[in-house]
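The sequence shown begins at 1 in UniProt numbering and counts up by one.
Data first, discussion second: the structure below is written as structure tokens.
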Amino acid sequence: MPDYGHELMFGTFTTPSAKDPQHAVAIAQVAEAAGLDAVTIQDHPYNSDFLDTYTLLTWIAAKTSRIRVAANVTNLPLRPPVVLAKAAASIDLLSGGRFEMGLGAGGFGDAIKAAGGRDLTAGQRVDALEEAIGIMRSIWDTSRAGLKHEGEHYQINGLRRGPRPAHEIGIWLGAYKPRMLRITGAKADGWLPSWDYLKSPTMVESNAMIDEAARAAGRQPSDIKRLLNFGRPAILSANGGFLQGPVRQWVEQLSELILEHGFSGFFFGGDDPDLLRAIGEEIAPEVRSVVSRARAGSGVVAPRPSAVLSKRMEGIDYDGLPPALADRAIEPGDFRYEGVRHSYIWSGRPGLVIKPETAEEVSAAVLYARKQDVPLSVRSGGHGISGRSTNRGGIIIDLGSMNAIEVLDAQSGLVRLGAGARWSEVAAKLGEHGLAMSSGDYGGVGVGGLATAGGLGYLARKFGLTIDHVAAAEIVLADGRIVRADKDNEPDLLWAIRGAGGNFGIVTSFELEAYPLGNVIQAVQVFDGSDMAGVLERWGALVEASPRELTSFLMAVPGRADQGPLAQAISVYAGEDADAAAEAINALGEAGPILDQRAYLTPYAGVVAHPGGEHRGGSAVIRSGLVDHITPEVAARANGLLAAGAANLLQIRSVGGAVNDVAADAMAYPHRTQNFSLTAAGSRGRAELLDGQWGDLRPLLKGMYLNFETDTHPDRLVEAFPEPTLSRLRALKRRYDPDNVFNLNFAIEPQESIRAAS
């Protein structure tokens, strides 16, 4: 049998003795300290001298930090698969992805009974195991709806799937007989026998059966890891001649099992701390070295599972991915794919997601992506309301791993932020130094998408937009070059990325000038929206008259069957002066009849806290525009969006103040007279109605904030970048991205000639 190229694993095969409950935990800690990879526990629920294996595994996971844990092997008939799947996922989530599923069909005759109390024959136990594998995998697959199952041994009338584990849990079968070996090849992720029982079929014969079954099921033999238990008898046998003598003999014998028979994992019994230290510190490193040299000479590489290969998409040369990016790439068949394919409210089905960790890796990803015949999207934190940070069939360069936050100079406020950091993390870190940076209204947003577009946040009227504080940036250009843009280096590029950054390259990090800020006062006011147009108009006038320290966002929703329309204002007073804040906030209360009002003293990090949760996708229709004032006509037409049922949410953000202190030509974001940003969101089913109602409002608008717009019509570009800004951007596009590589973020076409642009 060949070497399949799997990652090597060395661990324990530990007895869960109840006579000394802490012994197994101590053994696990010794194994981890010695550098071993896994601790596996025997599972014999009917043995009164043993602890419960899954309770023990949970305790071990809590008492260790790195080592993987598994039952070796789980006695399935006494553990229903639905409960077992939930327990496995729970341990995996709590341990940070360190659980593996060793699984067996059970044994010991009359001691094994089905859930209903029925005695199970050996054949029925195997049938039940095969059925259980499918059930457990279905429960872990949360991308699908509820689960129903009508099987011979298990019936599920309706079950909500989940939780989803932290990583793809491998199912390793303890198998010896031909049928179990065939199930291993067809459906399992690993084969986990014990050395002492590999007699008939032999090790070679068993491997051949597994390989044949794998091919018959449309899989590769390398889809199944080969793991081996060495119990105390195997190690200590005086006449066996195996794993005896000096380290050199162990290394030779284990290396032969890897290179000649395809095994990649070994679990050693005996619970001897000295033996485990010797394996972890002497034997395993030597085996790894021998195998590494052999693989380098033979060209054996880590295999890609058949499930991954089968889901590869046209137009992408997966095998041509640079080796430096191999560990950064996520394909549609990978377990992690479900967590990276979507953005906040947009569903995606990309062909490849690359998660680089350095600017050099971003450069390599750009050059690789340019050779592929598919779209290229760039994502920072993954929010992507406009829908441009995911795609179908293309490549995504996801900067989420580039999330460093550094305070370079607390006194001046100079900070460096990785483009993949989330604003909640930034706020918390800056808050430790008495600093802050305005950053939208939701902590889950990524730095890169916001700091290249604007940043209409809760501190805007006092401190301006996020981009107003960008002093420098590191950028990967379309040709792979890594450049620094600041006032002395590439100043035109710095001008462009502050407002139109997605068109000119991939910003990997920013240097911003944060400002001192302690606690703020946040208030929530809920208004009766029966006279919604009046509320909007009065609120707008009151905001404009308020001190700059106050920034307010108003969200309006239409009436429902059980209540009328409502408007909610969330306001932040940038300071701790409670009297001044109360006066400003109470003044906003004159906008309409108040149904509820609350105010809090909180750090700014509390305002933009990140509630967590996965990006599960979806679809939405969102329209965006800017206005100088909420005039009666603007208020009436905005209310019309809600009254007609075209929008299910209307949000108005106050801008103005410090935002409008900046010159219109200081950067690519030119909107410096407007006091409000309007956004309307509706469902795809009512897109035509929303567009009609928004069309009535559009003549009253004055520009647009691109991050809140999903319409890709070229006219939107003119609204976002009115002349002469657009011509200058087109000229710079020709200089920095003449082939329009970065063309999915409201693409600015390169000007045919700079002279024409000017």
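Positions of the beta carbon are idealized from the N, C-alpha and C atoms, including for glycine.
- Taking 8 Å as the cut-off, the beta carbon of Pro165 is found no closer than this to the beta carbon of Trp191.
- Runs of the beta strand (DSSP E) lying entirely within the stretch 482-519 and spanning at least 3 residues, in chain order: 482-485 and 506-513.
- Around the C-beta of Thr40, 16 or more other C-beta atoms lie within 10 Å, and the residue is accordingly described as buried.
- By the Cβ test, the stretch 490-510 is not in contact with the stretch 432-444, since fewer than three Cβ pairs between them sit closer than 8 Å.
- Contact annotation: Phe10 and Ile279 have beta-carbon atoms nearer than 8 Å.
- For Met9, the secondary structure class from DSSP, reduced to helix, strand or coil, is strand.
- Around the C-beta of Ala302, fewer than 16 other C-beta atoms lie within 10 Å, and the residue is accordingly described as exposed.
- Classified as exposed, Glu260 has fewer than 16 neighbouring CB atoms from the shown chains inside 10 Å of its CB.
- Here Ala24 is buried, its C-beta having at least 16 other C-beta atoms within 10 Å.
- DSSP, reduced to helix, strand and coil, places Lys177 outside both helices and strands of the structure shown, so it counts as coil.
- In the displayed model, Trp346 falls within coil according to three-state DSSP, outside both helix and strand.
- Taking the Cβ atoms as the reference, Thr452 lies roughly 6 Å from Val507, within the contact range of under 8 Å.
- If you compare the alpha carbons of Leu94, Ala404 and Gly449 with that of Leu430, the shortest gap goes to Ala404.
- Here Gly448 is near Ala419, since their CB atoms are less than 8 Å apart.
- Under DSSP, Arg728 takes part in no beta bridge, so it has no partner.
- Annotation for Gln29: the continuous alpha helix (DSSP H) segment containing it runs His23 to Ala33.
- Note that the C-beta distance between Ser363 and Ile497 is not below 8 Å.
- A residue is called buried when at least 16 other Cβ atoms come within 10 angstroms of its Cβ; Val741 meets this threshold and is buried.
- Within the same chain, Glu131 come within 6 Å of Gly151 by CB-CB distance, once the 5 residues on both sides are set aside.
- With 16 or more other Cβ atoms inside 10 Å of its own Cβ, Glu32 counts as buried.
- Checking the DSSP bridge columns, you'll see Trp172 partnered with Gly102 and Gly190.
- Ser143 places its beta carbon less than 8 Å from that of Glu338.
- Exposed is the label assigned to Leu408, since fewer than 16 other Cβ atoms lie within 10 Å of its Cβ.
- At the C-beta level, Ile330 and Ala369 stay beyond 8 Å of one another.
- When the five nearest sequence neighbours on each side are left out, the beta carbons in the same chain lying within less than 6 Å of the beta carbon of Gly505 are those of Ile475, Val476 and Leu477, in order along the chain.
- In this structure, Val73 sits away from Ala38, with a CB-CB distance that is not shorter than 8 Å.
- Pairing Gln693 with Val627 gives a Cβ-Cβ distance that is not under 8 Å.
- Straight across, the Cα-Cα distance linking Ala638 with Asp528 is about 16 Å.
- Assignment of Asn207 by DSSP, reduced to helix, strand and coil, places it in the helix class.
- Asn660 and Leu325 have their C-alpha atoms some 43 Å from each other.
- Of the candidates Pro750, Arg226 and Val378, Arg226 places its Cα closest to the Cα of Tyr4.
- Residue ranges of uninterrupted beta strand (DSSP E) with 3 or more members, entirely inside the stretch 641-667 and ordered along the chain, are 649-654.
- With contacts defined as CB atoms closer than 8 Å, Ala581 and Gly575 qualify as a contacting pair.
- Beta-bridge annotation (DSSP): Val69 is paired with Val39 and Phe99.
- Met532 carries a helical assignment under DSSP once its states are collapsed to helix, strand and coil.
- Residues Ser624, Gly625, Leu626, Arg716, Glu719 and Ala720 of the same chain have their beta carbon placed closer than 7 Å to that of Met704, with the five preceding and five following residues left out of the count.
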